[in-house]
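The structure appears below as structure tokens.
Set out below in structure tokens:
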């Protein structure tokens with residue numbers, strides 16, 4: 070996983086609540102068996118008209134947000150399906166962080182496994198960022214995971230909470246499967262103590 | 089110390105509890121399907137890792153399989169490749185696969201319980217958010233992403249932070265014609281689609297105890313639509329009666345021992361929950377969603393709400409946007425909304441009891457000439473059971489299509505999709521924009537409500553239905 074320590078980039082405002090993973094990456098693109106190449110299908114039904122042309126009224130299609138790498142959105146971002154294709158698509162499109170008042174659990178978890186930082190800020194802080202991203206051209210933020218802060222170098226500054234261990238894994242770009250495998254003896258010991266119960270429970274095992 | 093059911097399940101699966109790190113939790117059963125697993129298996133190959141417990145891993149194909157004639161080849165080459173990839177992965181890593189033509193094939197959350205794989209006290213994961221369904225048996229069951237699928241394949245464990253707990257206590261009894269689906273929609277309408285984020289819900293109370301296992305699965309299935317990590321119901325006689333004799337359920341002396349353990353799986357009387365929600369089932373009506381989020385829901389006797397009376401500015405804009413997408417006008421009576429399509433299916437509502445309830449409504453009637461309707465059984469076993477009871481004839485005679493098992497139009501990964509502008513009464517779980525097909529308009533309802541709408545061509549209060 071690509072480590073994330075801090076990131077500075079342009080902010081794109083997506084002023085919608087409950088943006089679900091079906092919107093982030095519609096189902097017709099889930100048949101691919103690769104992890105890459107999903108960026109071109111990000112927000113497909115919003116970015117493209119039914120005839121396949123770009124919908125110029127959609128915010129990400131505005132030329133000033135073309136190179137944006139920080140997305141700011143409404144509450145409960147990433148609700149719905151557990152598809153990890155959603156963070157893959159956001160990352161592949163070029164986003165490194167998403168800022169919102171709240172995230173759905175599975176989505177936030179999936180993001181952190183892919184070096185995409187979900188940043189939870191208060192509703193009024195999100196609104197302030199949203200307003201700035203709309204009123205100022207090329208509005209930039211710095212998301213600093215080490216300090217847990219979001220700043221624009223001028224008036225805006227906010228801090229966010231994040232689980233210490235997940236922060237550590239993201240900053241180091243750690244392979245958490247490798248970390249779990251270091252506990253092989255604990256897993257084996259658990260399986261020995263549980264095995265009798267498990268055998269009782271089922272013919273499968 | 090008094091513990092909740094969730095805490096008992098959690099404690100029983102702790103492999104390691106390091107300081108300042110997530111708890112390492114053991115996973116008893118890992119269900120796998122074709123869409124969220126290929127990249128996980130690829131990751132194993134790249135990392136030169138094996139599947140630690142293929143014997144605790146079971147796979148099926150459900151999300152993108154066609155529901156039409158299975159003797160024909162799959163028309164969609166990309167979908168076919170995904171299914172072939174799962175076949176190869178199961179073969180290479182020694183995992184049991186219930187393939188497209190096997191008698192056990194079906195939606196992963198339907199076949200787990202019906203095969204008796206899902207048993208009280210287990211931890212169960214699957215790369216699918218509706219894994220919460222299995223909580224109906226008193227399991228800790230939750231959806232995971234593909235990286236976590238790989239993690240469980242490689243280690244049979246998951247590092248997890250302990251979620252908070254929420255008790256949803258439903259007193260009273262559900263009135264005739266009001267189902268577990270209406271209860272689920274009523275709860276989401278009350279607490280919101282993020283009302284249970286970060287929590288595991290335990291459902292309790294008389295109304296929950298009176299539900300069949302099918303009803304309990306519907307209720308737990310929809311927990312994710314309230315944002316919950318998982319939903320669960322303490323096992324009881326209804327649970328044990330459902331499980332006894334199923335293929336993978338314990339038998340003989342093993343059954344007695346398992347039963348003794350399962351009977352301990354309930355929240356202690358004085359256990360504390362982080363949040364409690366109270367509902368009275370007797371006041372519930374059949375529910376219909378009007379918007380593009382499951383929380384946008386009203387009783388069938390109600391009207392499409394007016395965004396002007398929203399609680400917040402953000403809610404108002406969300407409602408306006410939803411109404412525009414749904415092509416609905418504020419204050420329209422729900423029962424005046426005409427529909428084009430009916431979908432009876434999905435991991436929420438495609439079990440035998442759901443099909444029986446829908447068939448009871450349909451029997452002796454013809455579907456409206458303006459409606460195209462289909463039934464997609466949740467599994468091949470459900471399909472066979474329904475055919476034994478003659479339910480297929482009832483549906484076919486009234487004008488429904490009778491399909492093969494799969495996820496189908498719940499998410500429209502296969503050919504079963506809505507056309508732009510089509511309006512559908514659906515027994516599935518998500519009414520998101522475009523979920524059932526780009527430009528499609530989904531209204532979530534119970535199987536009875538969907539069946540009635542197929543006959544009349546508009547939403548109809550099933551409490552007034554004249555059964556034939």
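Protein chains in written order, with the working numbering: chain A, 70 to 274; chain B, 89 to 556. Every residue, glycine too, gets a C-beta built ideally from N, C-alpha and C.
(request) With a 10 Å radius around its C-beta and 16 neighbouring C-beta atoms as the bar for buried, classify residue 201 of chain A as buried or exposed. (result) Residue 201 of chain A is buried by the Cβ-count criterion.
(message) Tell me which residues of the region 91–123 of chain A have at least one Cβ-Cβ distance to chain B shorter than 8 Å, keeping chain order.
(response) Residues are counted here when their Cβ sits less than 8 Å from a Cβ of chain B; for the region 91–123 of chain A these are 91, 92, 95, 96, 97, 99, 100, 101, 102, 103, 104, 114, 119, given in chain order.
(request) From the DSSP output, in three-state form, read off residue 460 of chain B for me. (result) DSSP places residue 460 of chain B in strand when its eight states are reduced to three.
(request) Count the C-beta pairs between the region 416–423 of chain B and the region 475–484 of chain B that are closer than 8 Å, then say yes if the count reaches three, no if not. (result) Taking 8 Å as the limit for Cβ pairs, the verdict is that the region 475–484 of chain B does not touch the region 416–423 of chain B.
(request) Can you tell me which of B/98, B/545, B/391 puts its alpha carbon nearest to the alpha carbon of residue 248 of chain B? (result) The option with the nearest alpha carbon to residue 248 of chain B is B/98.
(request) Write down every uninterrupted run of the alpha helix (DSSP H) in the region 374–404 of chain B whose length is 4 residues or greater and which is fully enclosed by it, in chain order. (result) Considered as a whole, the region 374–404 of chain B harbours no complete run of any alpha helix (DSSP H) with no fewer than 4 residues.
(request) Could you tell me which residues DSSP puts in a beta bridge with residue 366 of chain B? (result) B/257, per the DSSP bridge assignment.
(request) Kindly indicate which three-state DSSP category residue 187 of chain A falls into: helix, strand or coil? (result) When secondary structure is reduced to three states using DSSP, residue 187 of chain A falls in the strand class.
(message) Let me confirm a value: residue 205 of chain A is counted as buried when at least 16 other C-beta atoms fall within 10 Å, else exposed. Which label applies?
(response) The residue is exposed, with fewer than 16 neighbouring Cβ atoms inside 10 Å.
(message) List, in chain order, every chain A residue whose beta-carbon is nearer than 9 Å to that of residue 285 of chain B.
(response) Those within 9 Å of residue 285 of chain B in chain A are 145, 148, 171, 172, 173, 174.
(request) To the nearest angstrom, report how far apart residue 382 of chain B and residue 521 of chain B are at their CA atoms. (result) Cα to Cα, the separation comes out at about 11 Å.
(message) Looking at chain B, is there any beta carbon in it that lies within less than 8 Å of the beta carbon of residue 250 of chain A?
(response) Judged by the 8 Å Cβ criterion, residue 250 of chain A is in contact with chain B.
(request) Whole angstroms is fine: what's the gap from residue 272 of chain A's alpha carbon to residue 338 of chain B's? (result) Bear in mind that a pLDDT of 45 at residue 272 of chain A, under 50, signals an unreliable position, so the model cannot answer this.
(request) Determine the direct distance from the alpha carbon of residue 125 of chain B to that of residue 150 of chain A, and round the result to whole angstroms. (result) Roughly 14 Å between the two C-alpha positions.
(message) Quick check: residue 386 of chain B and residue 397 of chain B, are their CB atoms within less than 8 Å of each other?
(response) No, they are not a contact pair.
(request) Count the CB pairs spanning the region 270–287 of chain B and the region 173–183 of chain B that are closer than 8 Å, and state whether there are at least three. (result) No, the region 270–287 of chain B does not touch the region 173–183 of chain B.
(message) With a threshold of 8 Å, are at least 3 pairs of Cβ atoms found where one atom belongs to the region 205–220 of chain A and the other to the region 78–87 of chain A?
(response) A contact exists between the region 205–220 of chain A and the region 78–87 of chain A.
(request) Establish whether the CB of residue 130 of chain A and some CB of chain B are separated by less than 8 Å. (result) Judged by the 8 Å Cβ criterion, residue 130 of chain A is not in contact with chain B.
(request) Inspect the beta-carbon positions of residue 177 of chain A and residue 315 of chain B and report whether they are closer than 8 Å. (result) Between residue 177 of chain A and residue 315 of chain B, the CB-CB gap reaches or exceeds 8 Å.
(request) Quick one: grab the DSSP three-state call for residue 553 of chain B. (result) Of the three classes helix, strand and coil, the one that applies to residue 553 of chain B here is coil, per DSSP.
(request) Alpha carbon to alpha carbon, how far is residue 138 of chain B from residue 31 of chain B? Give it in angstroms, no decimals. (result) Past the edges of chain B, shown from 89 to 556, lies residue 31 of chain B, and the structure says nothing about it.
(message) Just to make sure I have the definition right: I need the residues of chain B whose C-beta is within less than 7 Å of the C-beta of residue 234 of chain A. Which are they?
(response) Within 7 Å Cβ-Cβ: 108, 109, 110.
(message) Using the Cβ count rule (16 or more neighbours within 10 Å means buried), how would you classify residue 30 of chain B?
(response) Here chain B covers residues 89 to 556 and nothing more, so residue 30 of chain B does not appear.
(request) For residue 74 of chain A, collect the residues of the same chain with a Cβ closer than 7 Å to its Cβ; drop the 5 residues on either side in sequence, then sort them by chain order. (result) Counting only residues of its own chain and dropping the five nearest sequence neighbours on each side, residue 74 of chain A has a CB closer than 7 Å to the CB of 214, 215, 240.
(message) Going residue by residue through the region 135–217 of chain B, where are the continuous beta strand (DSSP E) segments of at least 3 residues, counting only ones entirely within it?
(response) Complete beta strand (DSSP E) runs here, min 3: 145–148, 184–186, 211–214.
(request) Return yes when the C-beta of residue 132 of chain B is under 7 Å from any heavy atom of the ligand GTP, and no when it is not. (result) For the ligand GTP, the structure offers nothing, since it holds no ligand at all.
(request) Taking 8 Å as the threshold, find out whether the region 150–170 of chain A comes into contact with the region 201–208 of chain B through three or more Cβ pairs. (result) Short answer: they don't touch.
(request) Return the bridge partner residues of residue 228 of chain A from the DSSP annotation. (result) According to DSSP, residue 228 of chain A shares a beta bridge with A/218.
(request) Apply the 10 Å Cβ neighbour rule to residue 134 of chain B and answer buried if 16 or more other Cβ atoms are within range, or exposed otherwise. (result) When all chains shown are included, residue 134 of chain B counts as exposed.
(request) Report the residues of the region 500–522 of chain B with a CB closer than 8 Å to any CB of chain A, ordered along the chain. (result) Only those residues of the region 500–522 of chain B whose C-beta falls short of 8 Å from the nearest C-beta of chain A are listed: 500, 501, 508, 518, 520, 521, 522.
(message) What residue range does the beta strand (DSSP E) around residue 169 of chain A cover?
(response) Residues 166–169.
(request) Keeping to the same chain, check which residues put their C-beta closer than 6 Å to that of residue 311 of chain B; ignore five residues upstream and five downstream. (result) These residues qualify, in order along the chain: 220, 289, 319.
(message) So residue 227 of chain A and residue 250 of chain A are supposed to be a Cβ contact under 8 Å. How far apart are they, rounded?
(response) That pair is no contact at about 37 Å.
(request) Could you confirm whether any beta carbon from chain A is found closer than 8 Å to the beta carbon of residue 395 of chain B? (result) Residue-level contact check: residue 395 of chain B does not touch chain A, since none of the beta carbons of chain A fall below 8 Å from its beta carbon.
(message) Measuring only the C-alpha atoms, how far is residue 391 of chain B from residue 254 of chain B?
(response) Distance between the alpha carbons of residue 391 of chain B and residue 254 of chain B: 30 Å.
(request) Quickly, what does DSSP pair residue 292 of chain B with across the bridge? List them, please. (result) Per DSSP, B/257.
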